[in-house]
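The letter at position 170 of the sequence shown is residue 170 when you use the UniProt record's numbering, and the numbering goes up by one with no holes.
Quick notes on the structure that follows.
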Amino acid sequence: MKRQLIYTGKAKDIYDTEDEDLIVSVYKDQATMLNGARKETIEGKGVLNNQISSLIFQKLNAAGIATHFVKQLSEIEQLNRKVTIIPLEVVLRNVTAGSFSKRFGVEEGIRLEQPIVEFYYKNDDLDDPFINDEHVKFLKIADDEQITFLKAETRRINELLKNWFSQIDLQLIDFKLEFGFDKDGKIILADEFSPDNCRLWDDEGNHMDKDVFRRDLGDLISIYELVLEKLKDLE
Ligand code: UDP
Numbered sequence: 001m002k003r004q005l006i007y008t009g010k011a012k013d014i015y016d017t018e019d020e021d022l023i024v025s026v027y028k029d030q031a032t033m034l035n036g037a038r039k040e041t042i043e044g045k046g047v048l049n050n051q052i053s054s055l056i057f058q059k060l061n062a063a064g065i066a067t068h069f070v071k072q073l074s075e076i077e078q079l080n081r082k083v084t085i086i087p088l089e090v091v092l093r094n095v096t097a098g099s100f101s102k103r104f105g106v107e108e109g110i111r112l113e114q115p116i117v118e119f120y121y122k123n124d125d126l127d128d129p130f131i132n133d134e135h136v137k138f139l140k141i142a143d144d145e146q147i148t149f150l151k152a153e154t155r156r157i158n159e160l161l162k163n164w165f166s167q168i169d170l171q172l173i174d175f176k177l178e179f180g181f182d183k184d185g186k187i188i189l190a191d192e193f194s195p196d197n198c199r200l201w202d203d204e205g206n207h208m209d210k211d212v213f214r215r216d217l218g219d220l221i222s223i224y225e226l227v228l229e230k231l232k233d234l235e
């Protein structure tokens, strides 16, 4: 099914297929932070993220969210609809943490009364700067209507995810999404959803996500395995 490598990213390689509307995403074992400044291979991470993301995207599809996910093909591969990625990292925060805490000088762990949606401009040369709606329009990334949709869709996805994770005793602190335009120009959810791009805290406040790598808190694989096992209980 895979044909030619068309893109190689930090966590995934993308191949085209005989069908011009479909691509194959191959999950890699690489972990990066600080925009790739620190890079490590963590054996088994690709398999886990592919399984976790496939499971979440299946549930999102079933809940009526339009996504690029078609099906899981193998331990490390999934079949996705081809999209033109919108160069925005759409971050939603339920609880303060990470760069939000640093930027605004607030401690981590404060519940936000209204979840906050943020945009970062996906541009490695510029280190993915924090931007607002006006910048998004100036850069011609999206218009008012599309910006409104991206925010509303992200909040809708948050409500679903928050509920699923709370059922398995994990608190969804924050996460990053990426969207793309499909062949009809419709905005659909793309990329992945895994502990690499969200924060999950258990009842004791343990980090069950990539902060384990970022902050050297222990063995990432056993923690991602636990998240996957818990998610399987949801079905
Ligand atoms: N995130 C991501 N990719 C990035 C930056 C952030 O997936 O390039 C995710 C991160 O895992 C977290 C959320 O977005 O769940 C918010 O991250 P934050 O802005 O706090 O940055 P960080 O502290 O991770 O550098």
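For glycine and all other residues, C-beta sits at the position ideal for the given N, C-alpha and C.
It should be emphasised that the depicted structure is a prediction, and the values quoted were computed from it without experimental measurement.
Evaluate residue i with the Cβ neighbour count: other Cβ atoms within 10 Å of its Cβ, from every protein chain shown; 16 or more gives buried, anything less gives exposed.
{"i": "I116", "result": "exposed"}
{"i": "Y224", "result": "buried"}
{"i": "Q4", "result": "exposed"}
{"i": "G180", "result": "buried"}
{"i": "R38", "result": "exposed"}
{"i": "D233", "result": "exposed"}
{"i": "S74", "result": "exposed"}
{"i": "L126", "result": "exposed"}
{"i": "M1", "result": "exposed"}
{"i": "D169", "result": "exposed"}
{"i": "Q114", "result": "exposed"}
{"i": "A152", "result": "exposed"}
{"i": "L177", "result": "buried"}
{"i": "R199", "result": "buried"}
{"i": "H207", "result": "buried"}
{"i": "L217", "result": "exposed"}
{"i": "I6", "result": "exposed"}
{"i": "T154", "result": "buried"}
{"i": "K140", "result": "exposed"}
{"i": "H135", "result": "exposed"}
{"i": "K183", "result": "exposed"}
{"i": "T67", "result": "buried"}
{"i": "E18", "result": "exposed"}
{"i": "A62", "result": "exposed"}
On the DSSP bridge assignment, give the partners of residue i in chain order.
{"i": "K102", "result": "Looking at the DSSP assignment, K102 forms no beta bridge with any residue, so it has no partner."}
{"i": "K39", "result": "T32"}
{"i": "I131", "result": "F119"}
{"i": "Q114", "result": "In DSSP, Q114 forms no bridge with anything."}
{"i": "F181", "result": "T84 and I187"}
{"i": "D202", "result": "According to DSSP, D202 bridges with nothing at all."}
{"i": "D13", "result": "T8 and V26"}
{"i": "E89", "result": "Y120"}
Since residue i contacts residue j with CB under 8 Å, what's their CB separation in whole angstroms?
{"i": "T96", "j": "G109", "result": "7 Å"}
{"i": "K71", "j": "G46", "result": "Actually they are not in contact, since the Cβ atoms of K71 and G46 sit about 17 Å apart, beyond 8 Å."}
{"i": "D174", "j": "R81", "result": "Wrong, their Cβ atoms sit about 26 Å apart, outside the cutoff."}
{"i": "L92", "j": "N197", "result": "Not quite, the Cβ-Cβ distance comes to about 11 Å (not below 8 Å), so this is no contact."}
{"i": "I85", "j": "A190", "result": "6 Å"}
{"i": "N50", "j": "D124", "result": "At roughly 23 Å, the Cβ-Cβ gap does not stay under 8 Å, so N50 and D124 are not in contact."}
{"i": "K122", "j": "D128", "result": "6 Å"}
{"i": "L112", "j": "N94", "result": "6 Å"}
{"i": "K10", "j": "T41", "result": "Wrong, their Cβ atoms sit about 12 Å apart, outside the cutoff."}
{"i": "S25", "j": "Q58", "result": "Not really, about 15 Å apart at Cβ, beyond 8 Å."}
{"i": "N146", "j": "I187", "result": "Correcting the residue type first, residue 146 is Gln in the shown sequence and not Asn. That belief holds up - the Cβ atoms of Q146 and I187 are roughly 6 Å apart, short of 8 Å."}
{"i": "E107", "j": "S99", "result": "E107 to S99, Cβ: 14 Å. No contact."}
{"i": "S222", "j": "S53", "result": "At roughly 19 Å, the Cβ-Cβ gap does not stay under 8 Å, so S222 and S53 are not in contact."}
How is residue i classed by DSSP in three states: helix, strand or coil?
{"i": "N94", "result": "strand"}
{"i": "N197", "result": "coil"}
{"i": "S25", "result": "strand"}
{"i": "E145", "result": "helix"}
{"i": "L172", "result": "strand"}
{"i": "K71", "result": "strand"}
{"i": "E77", "result": "strand"}
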